[in-house]
Each structure stands twice: as structure tokens, then as C-alpha cells.
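Residue numbers (our numbering): 697 to 1249. Where a beta carbon is used, it is the ideal one built from N, C-alpha and C, also for glycine. To start, the structure under review is shown below, and the notes come after it.
Here is the structure:
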């Protein structure tokens, strides 16, 4: 979604969007700045389109598309691209599966041929499937050892009670072990049709020539009805939820999540700005409060994850278990303050400038432009959605941010996840968490002090554990520290957080656009969180992505 600004803004490359008779949407953008081309096929199907018993099949299916076709043996897909000096990979998110290639422009035809062959004629060899299931199980086990992934998965499992976002993209150990070739083929037949795909090509090629190649390779691809299951609507959350997880870690982790609208909602760009002010970088409110001033945490951040269906606004922190209650009080205090005190002009301009810069960085590479176009067309149905987003950012006011904070940062809309070392004493309890969170509903950060007073009946030990927080410091929980990578909302073909995957694309750790991929960041983390470690610079980008907005932008 990053519009080409600066140098490229003066002479933007023309974008052509058309549709083949079989329903395949094609998006072409010639860019002759460098002899490079990026091609991507976005399939409008992901983990949220699975049934519970087949959880993880979208990701396993994505792995299998690189394991041979009717005319390419195992290993030949990757070797053909790599021998041409290119890169090929893929990622799976809740809402999309994306296959992407970057090559020297003289090999554009080869890249298109390989991608078309993979999505049309994969062989799904039984021996290779057994091998890949073993690989995916190892990925799953690695994820279980990652604090970032554990807390992200716990957050979505606790916050969502009906919607399939509650399930991790990679699936569960039980569901992965239960996958069969029949289930993988069934997923392929249900969703891999041209009328459920978007082909993106950006780079140094001749559009007229490429159109002929596309028609030759994909024009006879038979369309079919898409049997997409109706997704359950997540019911409104009516009360605070608290989840405690334990594992062998030295540091504890705290995450706060609030339900927010989808990427289509007009508040999505404003939520990105709010997340930036609260938790992006060392000048952000939560970082200053939790890490610099109070030294309650070693890391703190915030991001808005806005996928095609309603998403989550998350803040998180890494800290000592003994400081968790104080950090929680501080975080709530800071969230209450931003609900009731306008952000400064300086904060507003910093957020605006950085979010706009994300688009500039995204447009510096052909693969970045392709990701942005994919997100814009697949999620918004508009290749120029970046202009809509940027206009919303540029016209935003302090009052707008205060309104969205009041709308979504409410105690009954809050889910808390604490991840503690196995030998650490209990930290938060539901009653304590609820009393402190009441500050979000009183209309003033003074509510935290009131909550402490109301908790006077608590034992001195309990009060010490979380009552007084050095001057009411606020700790913003970051879904998981960027360093360790929040759980990916998208998973790459190698099981790591998708680089181009989910919406994290902007390169800013605070924004998650769910659906798009880009550089590794919190957004990426988020979408990628559904899975595992960061795959590569491209995969990490969305992690998340689908737009990880920011994932997923």
C-alpha cells in the first residue's frame, strides 16, 4: 500500500488492471528503473477458510505447491528460479496464500511459467507430503518454544470465541498429524481456481508481451464455483478476559488486546496512527513510560492488526515477572490518558510522517510495490487504495485519535495475556485486572489511582505486586517483543513468519495491515505470529501481512 512518493511521485508508473474470461484478475505495472521483475499470485484462501478438523491444511498445501508438478520434478521449481538468479517463496495467512518470485527481468517469462505451473499442476506426491508434514510439525514445535508465538496464539485464542482467527495459521499438533493427501487435494479443489486469484506483475517488462504470455499460460485455466464456508461473526466482547500462560522463560511477557474493525473500516488508518503514538519507537508513550522512565520493561510496543475481518489492537511488553502488575497498571494508565488527553501536534506529525514514509520504503523495490498492489486489490478492490489511506492519515486530527481511543480502548473490550516463567508466582488475577482496567471507563487516567484505592482490601502483598506503580507509570504490552517476533499472522513456505506475507509490510513495527507483507516488524510479527519465526525479509513483511495493516499493510 505504499504509494510511490518523493522521486517517483512525480512520474508514477502506470498500473493496468484487467480480468481474463475465466475470472483471473491481472494487475500489471511497468517499472523500468532497474532490470528486475516481481510476480505474485494471491489466492483468496487461507487458514480462516479451513474447517476445524483440517486446521493447518492451507499452510501445508502452500508447501506442497513447490514440491513438484506434472512436468517439474521435486526441487526443479526452486532450482529453475535460483539458476536464473531469482528468489521464489510463499506465505500463508488467515485470509490469503501468496506465491512470489523476483527475477532479473530477462527471466520474467520463466518466472510466470513456474508460478502458473505450480498453482495449476502440482502433483501432491504422497511421499513428499509425508516429508512436509514432518517439517511442519517441527515448525509447530519450534513455535511452542517461542514466547512471542505463544503469547500471540494465546491472545487470539482468548479474544476470539467464534471466528476462525482464533486458530493459528499453522494449525495444532493434532490437526497437522491428521492431514492427508485427500484433505490437501480437497482444499486445492475448493479454492485454487482463476476466479479466486489475482496475478500481480511489477517491473521491467513489456506489458503487451506479458499479457500474451499470461493468456497462453493461464487463459485456459478452468474457473469453478468457490465453496467458501461462511465465517462465524465474532460476538461483541462484554467483559474483560484474562489468560495466564507459563513456559520456561527468563522474562515475563504481557499483552493487552482490544477488538477493532477490519481493514475496510474508515478508522483503520487512524488506529495505525494511534498505535504509532503509543508504541512505535523510543519516543512513543509506552516505551518512554515502561522502558525509559520507570524501567519496568525491557521492551514495549503497540500495533493495530486490521485484516479483512475485524482485528485486534495490541500492546505488549517484556519484563520481569515481579514487575508485571505494576507494568499493567502503567499501561492502563497510559491508555486511559490517550483516551482523554489530545495527542500533541508533534506526536501527530511524527506519526503522519512515519506512516507516509512506510509507503516510500515499500515502493523502493518491485516486490514491495507488488505486495502493496496485492493488498490493495485483494483486500480493498482498488489498486489505488494507498491514496485513500494516505488522505485519511494526512487529514487526521488529535480529536480523531481521541475518538478512536475512546471507541475501542474499553475495559469490557480488553483481553489480557500474561506469560510467566514456570516457577514465578501468580501475577494478575481477574478482580485486580478489572479494577485497574476500570480507569479506561472513568474518562480519566486518575481512574488507576481510584482502582488502587478500591483495592485496599487486598493484602499488602497483593498491593505490592501491582498497586503502586512508580508515579503511575504505564507499561504497554507488546504482543511480543519485536526482537523475538510476535506470532506471525502469516506463515512462510519454510514455516517462518511470512516475509511478504501478512500485512506488516510497512517496515514499521507498529503497523500491521494484515494481509500484506514487507519488512519484518510488529505487524509482520502479528500475522506471522500465527506461525513461527521470520522467514525472510520479504516474508516477514506481513506476518503477518494480510495486513500484519500494519501486517499487514
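- For residue 736, the secondary structure class from DSSP, reduced to helix, strand or coil, is strand.
- Boundaries for residue 1016: no beta strand (DSSP E) harbours it, and the DSSP string shows neither H nor E there.
- Where residue 1114 is concerned, the enclosing beta strand (DSSP E) starts and stops at 1110-1117.
- Using a Cβ distance threshold of 9 Å, residue 920 and residue 948 do not count as a contacting pair.
- Nearest C-alpha to residue 787 among 715, 769, 771, 756: 756.
- Looking at the DSSP output, residue 723 sits in a beta bridge with 713, 896.
- For residue 1107, the closest C-alpha among the options 1089, 938, 838, 945 is that of 938.
- In this structure the region 735-752 lies against the region 781-796, because at least three pairs of beta carbons, one per stretch, are closer than 8 Å.
- Secondary-structure assignment with DSSP links residue 1009 through a beta bridge to 954, 1000.
- In the DSSP assignment, residue 765 falls outside any beta strand (DSSP E), carrying neither H nor E.
- With a beta-carbon spacing of about 50 Å, residue 936 and residue 807 fall beyond the 8 Å limit used to define contacts.
- DSSP assignment within the region 789-840 yields the following whole beta strand (DSSP E) runs of 3 residues or more, N-terminal first: 793-800.
- Per DSSP, reduced to three states, the secondary structure at residue 1103 is helical.
- By the neighbour-count definition (other C-beta atoms within 10 Å, threshold 16), residue 1096 is a buried residue.
- Under DSSP, residue 943 shares a beta bridge with 1117.
- Cβ-Cβ separation between residue 869 and residue 759: approximately 17 Å, too far for a contact (criterion under 8 Å).
- In the three-state reduction of the DSSP assignment, residue 949 falls in the strand class, which pools E and B.
- Inclusion of residue 952 and residue 1039 in the CB contact set at 9 Å is not warranted, their separation being larger than that value.
- DSSP places residue 849 inside the alpha helix (DSSP H), whose first and last residues are 843-855.
- Only buried fits residue 1070, as 16 or more other CB atoms lie within 10 angstroms of its CB.
- With a cutoff of 9 Å on beta-carbon distance, residue 1083 and residue 796 are scored as not near each other.
- Assigned with DSSP and collapsed to three states, residue 938 falls in strand.
- For residue 967, the CB contacts under 7 Å within the same chain, skipping 5 residues up- and downstream, are 956, 1000, 1002, 1009, 1100 in chain order.
- In the DSSP assignment, residue 993 forms a beta bridge with 1015.
- In this structure, residue 824 lies near residue 763, with their beta-carbon atoms less than 9 Å apart.
- A Cβ-Cβ contact shorter than 9 Å links residue 867 with residue 832.
- With contacts defined as CB atoms closer than 9 Å, residue 863 and residue 924 fail to qualify as a contacting pair.
- Under the 8 Å Cβ criterion, the region 799-817 counts as touching the region 772-781, having at least three qualifying pairs.
- The Cβ atoms of residue 1037 and residue 1098 sit closer than 9 Å to each other.
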